[in-house]
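I have placed the structure first, in the form of structure tokens, so that the comments after it can refer back to it.
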Amino acid sequence: MSSRRELANAIRALSMDAIQKAKSGHPGAPMGMADIAEVLWNDFLSHNPANPKWANRDRFVLSNGHGSMLLYSLLHLSGYDLPIEEIKNFRQLHSKTPGHPEYGYAPGIETTTGPLGQGIANAVGMAIAERTLAGQFNRPGHAIIDHQTYVFLGDGCMMEGISHEVCSLAGTLGLGKLTALYDDNGISIDGEVEGWFTDNTPMRFRAYGWHVIEGVDGHDAEAVKKALAEARIVTDKPTLICCKTVIGWGSPNKQGKEDCHGAPLGEAEIALVRQAIGWPHPAFEIPTEIYAGWSAKDKGAAREAEWNTRLVAYQATYPELAAELERRLAGKLPADWQAKSGAYIDNVNAKAEKVATRKASQNCLNGYGPLLPEFLGGSADLACSNLTIWSGTKGINTDKGGNYIHYGVREFGMCAIANGLALHGGFIPYTATFLIFSEYARNALRMAALMKQRSVYVFTHDSIGLGEDGPTHQPVEQAATLRLIPNMGLWRPCDAVETAIAWKVAIERYTGPTCLLLSRQNLPHQPRSAKQLANIAKGGYVLLDCDGTPEAILIATGSEVELAIAAAKELGAMGKNIRVVSMPSTDCFESQSKAYRQSVLPDTVQARVAIEAGVTSGWYRYVGTRGKVIGIDRFGESAPAEQLFPYFGFTVENVVKAIEEIL
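For the sequence shown, the positions run 1217 to 1879 when our numbering is used.
Below, the structure written as structure tokens:
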């Protein structure tokens, strides 16, 4: 039987050899954390390599994702479908082993990590999802959802501000099934961190309300095992295990130094490592007995089989709950979703209310919420302004089976936690803040789009229309830059009907996140035919047309659609044939057929004006060189909204003048 150290050395060997072959990578973390990983994966982690999506598996997140070869080694050695050829192909084009762990590339990767601090945030989200799902579905004698969340993190994660946001919230929520193992090696890329990171980390986490186990020798397997066992016993708060390690352990000349953090060790040093750790095997060769010592296939199959037995008993006792759990874990919408959501939209259309789209959004939550128990929402301390609390809201901090998270002022942490909720499964997360503060959350939004996770971002106060709070709070470039994120859906609706359809599209979008940009000010209902109503979901459609061929086209979004309609009517009274196109979602419009896009914006009509209370650059793709864009290419001002719009040129007269100049 192989010793623990021999099993850990397999990680070290695979990591240093793969990184050397790739001529790039980070060997220090895998070599330094190998002993910790061996204990966790072989003695504690409940998972099944044959079924990486087993619902009740423990989640493992490598927050310090630059150490990706640690995770790839673990997956390969324990029996996942990640063959040695993929280890040899580390960091190469189309491999399953990219430079940082990428969700969806290899089985067993729970989330994409690399931007430091976001992995621990995702893990907090996963722990919230586990506890909330358990609260909603577990019954006495039937703990059908019952698993742990483990996360590795290093000094870089601890320094990132997001770790403060999410770990503070995790402590407040008392997430007892979350265990973080801190790789306290004192080294970052620039060298010894004592010059720029001297926090008393154990004291910091105790202040958050965590259980802290400090002074653990990360190279002493029994010490690590004892700490992990203690963490399992503490169920009312998350646990931080502070592991003192040596970065690049086993490298005679580079261990404990930044030299091994982000560069291959070199062939000569690798040869010395083999001698130092007693690993005589050639590169990428793992002895049979080492594989046998690592394999989790039999243990994993037995654990899942035992859970399946419990699931059968649960199904027999609570058949409706079991069916609902199965639906939600599969990510499917309820069978009556299409009929009832369609009826809700028809009802909104019939009401024809003049209402702020942020209020229309809250109405959507009240309309869709009872249909979707998988909703798990929250706001960054602005619920009364974002209007994200609806009639069925129950906070998870008071009701373990609730559906609402009071995130506090933690925009970045909130959105990264939502990524963890989405990745865990069983929920459709939505989050909220002012549009301007999407800037704080930006990288988490990008990660959601990168990982193709369904998450809905409610961004209210979407323009200078928020008024007196002034330019610090008035978004001008945010809509444009959010549209630039690949795979990001974005809707800026003009009334309650477009808002209801935007929500429906976001809920039905399985392949990525969606931003909803909503107004503070009331916006009038726009009358539509049945055909126009159906075309809203296409992202852009003809809202107001003229008799015969249009001479010019006005394109607008959100609060500016009202202005476009008024200008078109004035131009019509002047004998001009004007078409108005509402374009609530450019990305959705671009996904339509060329024939449809041409029917809305025919090439034969070159006279076009786009209107949006934001930067102008993105709209030139629709108006061309002959067209004009009425927007804002500067920061706003502090004043009531009714003064700001005319001040910045959002008037009927200005739109009419723009059309006349083109024609």
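For glycine and all other residues, C-beta sits at the position ideal for the given N, C-alpha and C.
With DSSP run on the structure shown, which of helix, strand or coil describes residue i?
i, result
"GLU1408", "strand"
"LYS1460", "strand"
"ASN1738", "strand"
"ARG1626", "coil"
"LEU1759", "strand"
"ARG1842", "coil"
"VAL1831", "coil"
"HIS1640", "helix"
"GLY1431", "strand"
"ARG1744", "coil"
"TYR1726", "coil"
"PRO1535", "helix"
"ARG1670", "coil"
"ASP1233", "helix"
Beta-carbon within less than 7 angstroms of residue i's beta-carbon, same chain only, minus the 5 sequence neighbours each way: which residues are those?
i, result
"GLY1585", "PHE1591, TRP1606 and GLY1608"
"LEU1349", "ILE1361 and GLY1642"
"VAL1255", "ALA1437, VAL1440, LYS1441 and LEU1444"
Which residues in the same chain have their Cβ closer than 6 angstroms to the Cβ of residue i, if we skip the five residues on either side of it in sequence?
i, result
"TRP1835", "ALA1826 and VAL1845"
"GLY1686", "SER1854"
"ILE1881", "Lying outside 1217 to 1879, the shown extent of the chain, residue 1881 is not represented and no answer is given."
"THR1727", "LYS1668"
"LEU1391", "ALA1343 and PRO1454"
"GLY1617", "GLY1351 and GLN1352"
"TYR1424", "CYS1383, SER1384 and GLY1387"
"ILE1325", "PRO1317 and TYR1319"
"ALA1229", "TRP1495"
"GLY1315", "ARG1307"
"ARG1519", "SER1262"
Skipping 5 residues on each side, what residues in its chain have a beta carbon closer than 8 angstroms to that of residue i?
i, result
"ALA1447", "THR1395, HIS1427, ILE1429, THR1455 and ILE1457"
"PRO1740", "LYS1570, ASP1711 and GLU1778"
"THR1525", "none"
"ARG1725", "ARG1670 and GLY1705"
"GLU1522", "none"
"GLY1830", "SER1679, PRO1691, VAL1692, GLU1693, GLN1694, ALA1695, ALA1696, GLY1847 and ILE1848"
"ASN1280", "ALA1245, THR1329, LEU1332, GLY1335, PHE1368, LEU1369, GLY1370, GLY1372, CYS1373 and ASP1399"
"PHE1866", "GLU1776, LEU1779, ILE1827, ALA1829 and ILE1846"
"ARG1850", "VAL1692"
Whose CA, out of the options, lies closest to the CA of residue i?
i, options, result
"PRO1766", "ALA1784, ARG1355, VAL1777 and VAL1367", "ALA1784"
"ALA1437", "ALA1648, ALA1250 and GLN1364", "ALA1250"
"ALA1487", "ASN1793, PRO1498 and SER1262", "PRO1498"
"GLU1869", "ARG1813, ALA1780, ALA1750 and ALA1823", "ALA1780"
"ARG1837", "GLN1859, LEU1860, PHE1851 and PHE1805", "PHE1805"
"GLY1774", "GLU1786, GLY1324 and LEU1734", "LEU1734"
"ASP1761", "ALA1782, GLY1683, PRO1856 and LYS1754", "ALA1782"
"ILE1701", "ARG1736, VAL1713, ALA1722 and MET1663", "MET1663"
"ALA1823", "GLN1859, GLY1843, THR1697 and ILE1506", "GLY1843"
"ASP1400", "THR1461, ARG1420 and ALA1551", "THR1461"
"ASP1803", "THR1573, GLU1542, ARG1795 and ARG1813", "ARG1813"
"LEU1651", "THR1688, LYS1567 and TYR1623", "THR1688"
"ALA1638", "ALA1546, GLY1683, PRO1691 and GLY1681", "ALA1546"
"GLU1655", "CYS1731, ALA1599 and VAL1721", "CYS1731"
"LEU1527", "MET1790, ILE1449, HIS1358 and ALA1555", "HIS1358"
"ILE1723", "TRP1553, PHE1653, HIS1310 and ARG1708", "TRP1553"
"LEU1397", "SER1801, ALA1234, VAL1432 and GLY1411", "VAL1432"
"GLU1874", "ALA1768, GLU1301 and VAL1450", "First, the residue type needs correcting, since residue 1874 is Ala and not Glu in the sequence shown. Considering only alpha carbons, the answer is ALA1768."
Determine, using beta carbons only, whether residue i comes closer than 8 angstroms to chain C.
i, result
"LEU1749", "Protein chains in the displayed structure number just one, and chain C is not present."
Rounded to whole angstroms, how far is the Cβ of residue i from the Cβ of residue j, which I believe are closer than 8 angstroms?
i, j, result
"GLY1756", "SER1809", "The pair is not a contact, with the Cβ atoms about 13 angstroms apart (cut-off 8 angstroms)."
"TYR1560", "ALA1695", "Not confirmed; about 26 angstroms, so no contact."
"THR1649", "ALA1634", "With a Cβ gap of about 12 angstroms, THR1649 and ALA1634 do not count as contacting."
"GLU1346", "HIS1640", "7 angstroms"
"ILE1644", "LEU1588", "7 angstroms"
"ILE1502", "ALA1245", "About 20 angstroms; that fails the 8 angstroms criterion."
"THR1676", "ARG1574", "4 angstroms"
"THR1614", "LEU1581", "Contact flag wrong, Cβ pair sits at about 19 angstroms."
"ILE1794", "LEU1770", "6 angstroms"
Do the region 1266 to 1277 and the region 1465 to 1479 meet, that is, are 3 or more Cβ pairs less than 8 angstroms apart? no
Pair every Cβ in the region 1372 to 1388 with every Cβ in the region 1619 to 1633, then say whether three or more of these pairs are closer than 8 angstroms. yes
Check whether the region 1229 to 1243 touches the region 1305 to 1315, taking contact to mean three or more Cβ pairs, one atom from each stretch, closer than 8 angstroms. yes
Give a yes or no on contact between the region 1286 to 1300 and the region 1257 to 1275, applying the rule of three or more CB pairs nearer than 8 angstroms. yes
How do the region 1357 to 1376 and the region 1323 to 1333 stand: do at least 3 beta-carbon pairs fall below 8 angstroms, yes or no? yes
Count the CB pairs spanning the region 1401 to 1413 and the region 1221 to 1231 that are closer than 8 angstroms, and state whether there are at least three. no
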